[in-house]
Each structure stands twice: as C-alpha cells, then as structure tokens.
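The next block holds one structure in the form of structure tokens; read it before the comments.
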Amino acid sequence: MNILVCIKQVPDMESKFKVAANGTWYDNQDLAWRMNEYDEYAVEQAVQLKEQVKDADLTVLCIGSDKVKETMKKALAMGCDRGAHIDDADSWAKEPFEIAGIISEYAKDKSFDVIFTGMQSQDRGSGQVGVLVAEMLGIASVSTIVDFAFDDGTIKAKRELEGGIKANVTVQVPALVTCQLGLNTPRYPTLPNIMKAKKKELLTIPVADVLKVDARMETSAMYFPEKKGGGLVLEGEAGDLADKLISILKEKTSVLK
Amino acid sequence: MKIVLIAEYRDGQMLSGYTELLGFAETMGAETVMFVAGSDAVLPAYDGKLYLADAAVCGEYNPDLHKQMILDVVAKEQPDMVAFCHSSYGWDLAPRVAFGMKAAQVSEVVEVKDGAMVAPACNSKLRRTVTCKTGQTVVTLQAGAFAPVEGGGTPEVEKIAVDGQGRVVFEGYEEAEAGGVDLSKAEVIVSAGRGIGKPENVAMISALAKALGGEYGASRPVVDSEWVEHNRQVGTTGQTVAPKLYLACGISGAIQHLAGMKKSEFVVAVNTDKDAPIGEVADVLIVADLLQFVPALTEKVQAL
Chain A
1 MNILVCIKQV
11 PDMESKFKVA
21 ANGTWYDNQD
31 LAWRMNEYDE
41 YAVEQAVQLK
51 EQVKDADLTV
61 LCIGSDKVKE
71 TMKKALAMGC
81 DRGAHIDDAD
91 SWAKEPFEIA
101 GIISEYAKDK
111 SFDVIFTGMQ
121 SQDRGSGQVG
131 VLVAEMLGIA
141 SVSTIVDFAF
151 DDGTIKAKRE
161 LEGGIKANVT
171 VQVPALVTCQ
181 LGLNTPRYPT
191 LPNIMKAKKK
201 ELLTIPVADV
211 LKVDARMETS
221 AMYFPEKKGG
231 GLVLEGEAGD
241 LADKLISILK
251 EKTSVLK
Chain B
258 MKIVLIAEYR
268 DGQMLSGYTE
278 LLGFAETMGA
288 ETVMFVAGSD
298 AVLPAYDGKL
308 YLADAAVCGE
318 YNPDLHKQMI
328 LDVVAKEQPD
338 MVAFCHSSYG
348 WDLAPRVAFG
358 MKAAQVSEVV
368 EVKDGAMVAP
378 ACNSKLRRTV
388 TCKTGQTVVT
398 LQAGAFAPVE
408 GGGTPEVEKI
418 AVDGQGRVVF
428 EGYEEAEAGG
438 VDLSKAEVIV
448 SAGRGIGKPE
458 NVAMISALAK
468 ALGGEYGASR
478 PVVDSEWVEH
488 NRQVGTTGQT
498 VAPKLYLACG
508 ISGAIQHLAG
518 MKKSEFVVAV
528 NTDKDAPIGE
538 VADVLIVADL
548 LQFVPALTEK
558 VQAL
C-alpha cells in the first residue's frame, strides 16, 4: 500500500504576530514553528494505517523553505518512511489552489492508495487544499474525519458535523481524507525513532518542477482586526482582581444576588 | 450581480444558515437563486427561485452528486458567485464546486470591505483581504458574520435531479452522546481552555462554576485531550450556549469557540495574553494567571 501524508509548518498560534513589511502576510521572523496541529492527527493516522496493513510505504510531503525539514523530521520520527520536500521559500504566499496543484502534480504518477491531510492549516485556515488535491487527482475525498478504519480496500470514516452529530461514510480507495482534531492521539517520537529518522530519505524537489497552475486569488492586505473597544481590561494582584470582578458582576449581571 | 445561495437540509429539517446567506446577498446588493438538496415538505422561507433536489433520492450527504447538481445550476444561471455557509457541508462541497467552475474560493468570509472579501487568519488574530482573479468566485461565510434576513414567502420551485451513485457512501447520522449536562440551559458557565495547563485543573474550574451556581464547560482542545467529556464542549461542533454570565478561563478565542458562546449576555475572560481574540468579545478581560485568579475568585464568591 502506498500512503501519502501532507503536512505544513506553521507558527505557534500563541506567538505575538506582526504584519510583514509587504503588508500582505505576517512577519515570519521571531516565531516558533511547529507542525500544523491538524496535520499531527493526519500523520498519526497514516502511521497507524501503515502499521495495520504491514506492507506499506508512507511518504510525508511538505512545501516550504529549508526550515520545514525540521517539522518533516518529526513526521519521519513518528513513523513516516520517506520525505518529499518541495523547496519553495515563497510557499507562504501561495494560495490553496497552487498548493493543491503542487501536491497533485507530485502525486499524480505515484498511485497513492490513501492520502491524508489536515482539514485546514492554522494560519491560512482555508480548508481547501485536501479536497482540491482529490479533485485534481480525480479521486474521492472525505473531509473533517474524527474516526478512521480501513478494511480490505474500504475506508469507514466519521465526519464531524455541527452540534456533536457525526455522519458515517464509506469510500473505496484510492481516496483522500482530511483530518479533524481529536481523530486520535498523536504519538511523541521516541529518542531511538528520532535517531532513525535522521537516516531516512528526504528528497528535495525544486518547486518549479511541480508548480504547473496559476494563482486564482491573492491576499492583498493583512492586518489586525479593529479593536471594538468597550471591554474593560483589568490587571493586578489576583485577590484585588477578584474583588473588582465581583463588584462588576453585582452591578452588571443578576448572577450574584 | 447574481449569487447562487446553497442552503442546507439535514435529517428532515432546513438548517437556518440560509438566512445568513440572504443577509450576505443583501450586503452585496445581489440578485439571488437558491439551491437545496432537501424535501418539498420543508421549504425555506424564500421568495425567489429555488432549485430543489430530492435528498431522499440523491442523498443528504453526497458530495459527488451535490457538486454536479450545483454545477448544473451554475451553468444555467451563470452567477457571479456561489455562496455556502462555512459549515461541515459548505467547506466539504465548496472546493469541489470551485474546482468544477475553475473559480477562486474564499473560505470563512467575515466581512465585505469595499467589495473585497475579508477572512480571518491565525486563529482570528489577524484578518486578510482577498482579491480574486477569476470571473466567478465561490465563498463560504463564517457563521454569525452576516446578520440573518428572513426571506419570507414561498419559493418558486424547480425540481432537479442527477444520475449516478457518488463515491462517498452515506451510512447514517450518529447523534451526540445523550445524557450528561445541558449547557444550553445554564445561567452561568465557567469554561476551561487549553490555558488551564493540565487535567487536574479542571477541578478548579468546576469549583468556581459551582460557587457561581452554574456549570462548567470547555473548549475543543480540552475535550480532545479527554480532560472534559464531549457534552461539555462549547463551540460550533459542541453546544451553543446563551448564559447570563460566561467566564472563559485560558481560552484564546478560536472562531469556532466564539461561534458557540457569542449569545452570552456578559462575558469575562481570564487570560495572560492581552491580545487574545477572546478579548474582542469579552466585557471584562482579566489579565492574570488563572491558577492564582480562579481560586481567589472562588473563595471570595463562596464567602458572599
């Protein structure tokens, strides 16, 4: 079985963001970088599938500058067999259609049976790449899965809908699934596996070799939302803050009678 | 301008999101037609043309067939835009339709500014304005971003159908776990976010909730980590709540969480990060370490 998992390196969302000088994206200096959270679930599920079917080869793909290799090494240490690094220092500026175009161009002649992606990235958050890759490859896709089982060429998955409701679906491979938070418990790479990962193949492909589509949109400006104001900000010692809040609640609400 | 609005129907009911699509269309000053895979027994209140597919035949959840029918409607109507709710249905179907239309897609639109779509980035810490290069566009709209407009009236129905099976087979719905707590009725909710740090701290949150005569809830990461059971999750994929007081502890304010608690009457947030998006909706933002503040508050409330 041939499996692909696509990951993205994103800033830690707790970071202090600044808008870059070009005004169209965030400044990527002084940020802590990590694997997109949704993709951690995708990698874990891909590794579990590989362990289940035994005879499987699992590739992890990531697009970005040299820096993303660090994140790819984590995926390799979690159990991916090989890495495909699409070298693109400008990947931050690429919109979902271009990113999907790059992935599908890479994947089109490799006969992947199952492709895993996160349901969205934490920074751009468009939630389009996975589904678009499947459309471009002409294979079926299921988005937002919170449960995954594979048996004899059939994927059984649960899609998360609103209000705690789930939809049970089945689909034959080849297929792509996009992974929602809570799908599984992503493993921590062990030290021996981190050491082994250093020896795994990590092939670098220039983006020009796999970018065959044009952008359909662009981010023309990035900015902080306007502060709505009105909200009171309180700082100080915990006990004083508790007293202050209690008097506010007494005045403004009916919960402390 | 003409927009095809994609309404949603699930398990015998029209979902209310179409009223926000109508609100969006009004903002855009657009002419509209609507599509829904549903039933002629429950029609949207909409005084316009409705393309209606029979969900009992084509499936309530069938991306291949729904995509094809929407593309058929697009071919016939030649709209400038197709608009979905940013929901499990919308975000699954919109990229398929956009691909079929060779159109750009803007996801999770929160605002229209000088004709351009605005979408959030980085857990809503930032906003971005998006410019499309294609003639037609597809958008998904964030829940609550556009004020609902009650369409009223009865639609002029044109029934449509499509042949085929579709590759993704829908096997049925699974309801949320029954039992447990019903947060939708609580007057006070104290919610725990990732910022509580470790599962042992849930007790501190529940103690404050109890002191205030309410219930405790949680944001998604806390539920996913299995620190708190799912029926206490507040947000798009959990419960939608409307308490008199919502106290968010260590919750940064991801858009999905905000969607679930935005009807709260009074919101207090406790966070060490002054710039956390939760601060935007909070009436009071307490900038403090919740491990110190929450027990202090609990003690003082108990002493009242």
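Residue numbers (the working numbering), protein chains in the order written: chain A, 1 to 257; chain B, 258 to 561. Where a beta carbon is used, it is the ideal one built from N, C-alpha and C, also for glycine. These numbers were taken from a predicted model, which means no experiment stands behind them.
Pairing V406 of chain B with K252 of chain A, the inter-Cα distance amounts to about 31 Å.
A:V43 is the residue among A:V43, A:D152, A:K74, A:R82 whose C-alpha sits nearest the C-alpha of T117 of chain A.
Residues T386, V387, T388 of the same chain have their beta carbon placed closer than 7 Å to that of A373 of chain B, with the five preceding and five following residues left out of the count.
Exclusion of the five residues before and after N28 of chain A leaves P11, A20, W92 as the residues of its chain whose Cβ lies within less than 8 Å of its Cβ.
In the same chain as V369 of chain B, and ignoring 5 residues on each side of it, the C-beta atoms closer than 6 Å to its own belong to T284, in chain order. Residues of chain A whose Cβ lies closer than 7 Å to the Cβ of S345 of chain B are, in chain order, T144, R159, E160, L161, E162. By the criterion of a C-beta distance shorter than 7 Å, D297 of chain B is surrounded in its chain by L309, V414, once the five residues flanking it on both sides are discounted.
With a threshold of 8 Å between beta carbons, P301 of chain B makes no contact with chain A. DSSP places M72 of chain A inside the alpha helix (DSSP H), whose first and last residues are 69-78. Within the region 27-54 of chain A, not one residue has a Cβ closer than 8 Å to any Cβ of chain B. The beta carbons of G517 of chain B and Q496 of chain B sit closer together than 8 Å. Within a 10 Å sphere around the beta-carbon of T411 of chain B sit fewer than 16 other beta-carbons, which makes this residue exposed.
One alpha carbon belongs to L4 of chain A, the other to D371 of chain B, and they sit about 41 Å apart. Below the 7 Å Cβ cutoff, chain B contributes no neighbours of N184 of chain A, its closest Cβ being approximately 10 Å away.
Neighbours of L469 of chain B in chain A, taken as residues at a C-beta separation under 8 Å, are given in chain order as V255, L256. G471 of chain B and A443 of chain B have their alpha carbons spaced roughly 6 Å apart. Contact of Y223 of chain A with chain B is assigned, a C-beta pair being separated by under 8 Å. Under the three-state reduction of DSSP output, D321 of chain B falls in the helix class. The beta carbon of V261 of chain B is closer than 8 Å to those of T289, V290, M291, F292, I327, V330, V331, E334, P336, M338, V339, A340 in its chain, skipping five residues each way along the sequence. Around the beta carbon of K50 of chain A, 16 or more other beta carbons lie within 10 angstroms, which makes this residue buried. Using beta-carbon distances, I453 of chain B does not count as an interface residue toward chain A, since no partner is under 8 Å. Contact annotation: Y26 of chain A and L279 of chain B have beta-carbon atoms that are not nearer than 8 Å. Within the region 339-363 of chain B, the runs of alpha helix (DSSP H) that reach at least 4 residues and sit entirely inside it are, in chain order, 345-358.
By the CB criterion at 8 Å, V171 of chain A and A197 of chain A fall outside the cutoff.
Taken atom to atom, the span from the alpha-carbon of A32 of chain A to that of S15 of chain A is near 7 Å. For Q362 of chain B, the neighbours in chain A by C-beta distance under 7 Å run, in chain order, Q128. V551 of chain B is classed as buried because its beta carbon has at least 16 other beta carbons within 10 Å across all chains shown. In the pairwise beta carbon analysis, the region 152-159 of chain A is classified as not touching the region 67-87 of chain A: fewer than three pairs are separated by under 8 Å.
Between V498 of chain B and V491 of chain B, the C-beta gap is smaller than 8 Å, which places the two residues in contact. In the three-state scheme derived from DSSP, where H, G and I count as helix and E and B as strand, W484 of chain B is classed as coil. Neighbours of R124 of chain A in chain B, taken as residues at a C-beta separation under 8 Å, are given in chain order as A378. Residue pairing by DSSP puts M217 of chain A in a beta bridge opposite B:C389.
With distances taken between CA atoms, L249 of chain A lies nearest to B:Y503 out of B:G507, B:I508, B:Y503.
When the alpha-carbon of S364 of chain B is set against those of B:N319, B:G392, B:A400, B:G357, the nearest one is in B:A400.
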